[in-house]
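The structure appears below as structure tokens.
In the working numbering, the protein residues as written are 193 to 624.
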């Protein structure tokens, strides 16, 4: 005989998947996400094709040649400021004026424009003039190859990071590991927040519409609670899988259609042609660092913390949804849960800077934060005993919270018109 929990879960999942809003969001979201990726790139390509004419007034006659035209800006030397530059019909987008020797008077350069001066134009002009002034200062000292000497003295020492593993020494990059951990943390946080809230709203809707009164006549409240949590969880996993597949197709298809490379192959070829060995080495180190991550361990633990974190917060929110009678009451009860979740989220980001610190260590075992904090630490490498203990504590707490939530759910789901407090819910737990 099929379990009633599974029947409720199937009904919950089928009901939500068939909703037009679910179908629209499932299809629309990947397009929005792909748009966020491609739109800035397309806009930057459009913007770079519009070349701005910039007039250069150099009263010293020393610096105009330092401003080289490029794909974005055409620098045109001129002898003086003209009234036509202020006209709306002028082709000149900006005017660079240098009134005195920049070595002795560094603040003698200015950019004039009818509109706000683009930040990249200002940055380009500052960089070019700074380099020219630097050369002049070197020449004043009249020391042969002074520029090369200073560049050599200022050369940075690059320290590589090597991690000892059971397979031997492996190159690593803390930045890559940190980013991977933070992405996983963010995914868990968003899933728990979104679908946990969906559980609460679903319980409230059934209670308000009196649908639950018919359902409890044939299904135990605890089976109803479990079925709803499992059903919405399956909907969430299904939706995220669809998003991932559609987004991958859109990114690859969009890359082929627009000619914008998504895998940086073109950039790597260009760097190689230009002799950018340092950049190529850094790119190679990046892929080496990604390859050294414990992928299987990360995936397994991500799924476990994914499920454990969702069960924990969904159980609490389902109990609150059964206890309240309106939206205002639900917001009051949900506030403490939101505070805890935000604390867990910020604890995860803080732990990314010091994954072996005491704060990160203890938050990895506290069930209300472990699903988020531990995912930051795992890419850095965590002892197996810590992972097992953290997961065990999380799921033990899940069952305990689920047991309490079932007691609150059984009483609250059929109670109407009464203002509910935490004290009242504690009384329900005791009397059940």
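Cβ atoms here follow ideal geometry from the backbone N, Cα and C, with glycine treated the same way.
Whole-angstrom distance between residue j and residue i, CA atom to CA atom
i	j	result
residue 226	residue 263	27 Å
residue 627	residue 567	Examination of residue 627 is not possible in this model, given that the chain is present from 193 through 624 alone.
residue 192	residue 572	Only positions 193 to 624 of the chain appear in the structure, and residue 192 is not among them; the question remains open.
residue 399	residue 514	7 Å
residue 158	residue 591	This structure cannot settle anything about residue 158, because the visible part of the chain is limited to 193 through 624.
residue 615	residue 232	52 Å
residue 604	residue 611	11 Å
residue 585	residue 559	6 Å
residue 465	residue 280	Note that residue 465 scores 45 on pLDDT, short of 50, meaning its location in the model is unreliable; the coordinates nonetheless yield the value given after this. For residue 465 and residue 280, the distance between alpha carbons rounds to 43 Å.
residue 284	residue 438	45 Å
residue 245	residue 569	51 Å
residue 446	residue 230	8 Å
residue 294	residue 253	12 Å
residue 530	residue 220	27 Å
residue 276	residue 338	44 Å
residue 379	residue 371	12 Å
residue 457	residue 449	Only weak support is given to the placement of residue 457: the predicted model assigns it a pLDDT of 44, under 50, and the question is left unresolved by the model.
residue 328	residue 258	12 Å
residue 323	residue 349	23 Å
residue 469	residue 336	For residue 469, the predicted model reports a pLDDT of 47, less than 50, meaning its position is unreliable; a value from the coordinates is still stated below. Taking the straight line joining both Cα atoms gives about 28 Å.
residue 288	residue 248	5 Å
residue 411	residue 617	22 Å
residue 210	residue 393	17 Å
residue 334	residue 256	23 Å
residue 260	residue 369	40 Å
residue 395	residue 577	38 Å
residue 407	residue 522	22 Å
residue 533	residue 381	8 Å
residue 205	residue 564	26 Å
residue 434	residue 217	11 Å
residue 243	residue 309	14 Å
residue 593	residue 440	37 Å
residue 278	residue 374	49 Å
residue 501	residue 536	11 Å
residue 270	residue 538	55 Å
residue 391	residue 621	20 Å
residue 498	residue 580	15 Å
residue 485	residue 306	52 Å
residue 325	residue 489	54 Å
DSSP three-state assignment for residue i, whether helix, strand or coil
i	result
residue 267	strand
residue 558	coil
residue 710	As displayed, the chain neither begins before 193 nor continues past 624, which places residue 710 out of reach and without an answer.
residue 303	strand
residue 244	strand
residue 369	helix
residue 411	coil
residue 488	helix
residue 382	helix
residue 259	coil
residue 613	coil
residue 209	helix
residue 297	coil
residue 605	coil
residue 363	Low confidence applies to residue 363: its pLDDT is 48, below 50, so where it sits in the model is not reliable enough to give any reading.
residue 390	helix
residue 344	helix
residue 337	coil
residue 274	coil
residue 317	helix
residue 309	coil
residue 331	helix
residue 349	coil
residue 582	helix
residue 597	helix
Beta-ladder partner(s) of residue i, from DSSP
i	result
residue 250	290
residue 576	Its beta-bridge partners do not exist; DSSP assigns none.
residue 284	245
Residue i CB to nearest heavy atom of the ligand SAH below 7 Å
i	result
residue 519	Ligands are entirely absent from the displayed structure, and the ligand SAH is therefore not among its contents.
Proximity test, Cβ basis, 8 Å: residue i and chain D
i	result
residue 605	In the displayed structure, chain D is absent; only one protein chain is listed.
Worksheet item: Unbroken alpha helix (DSSP H) runs of length 4 or more, entirely within the stretch 495-567: which are they?
Response: Runs of alpha helix (DSSP H) with 4 or more residues, each lying fully within the stretch 495-567, are found at 519-545, 550-555, listed in chain order.
Item to complete: State whether the stretch 538-547 contacts the stretch 421-430, with contact taken as three or more CB pairs (one from each stretch) at a distance under 8 Å.
Response: Too few Cβ pairs lie closer than 8 Å, so no.
Worksheet item: Would you say the stretch 387-395 touches the stretch 501-512, given that touching needs at least three Cβ pairs under 8 Å?
Response: Here the stretch 387-395 makes contact with the stretch 501-512; the two share three or more CB pairs at distances below 8 Å.
Worksheet item: Can we say the stretch 198-209 touches the stretch 407-419, given the rule of at least three CB pairs closer than 8 Å?
Response: Per the Cβ contact rule, the stretch 198-209 is in contact with the stretch 407-419 (3 or more Cβ pairs under 8 Å).
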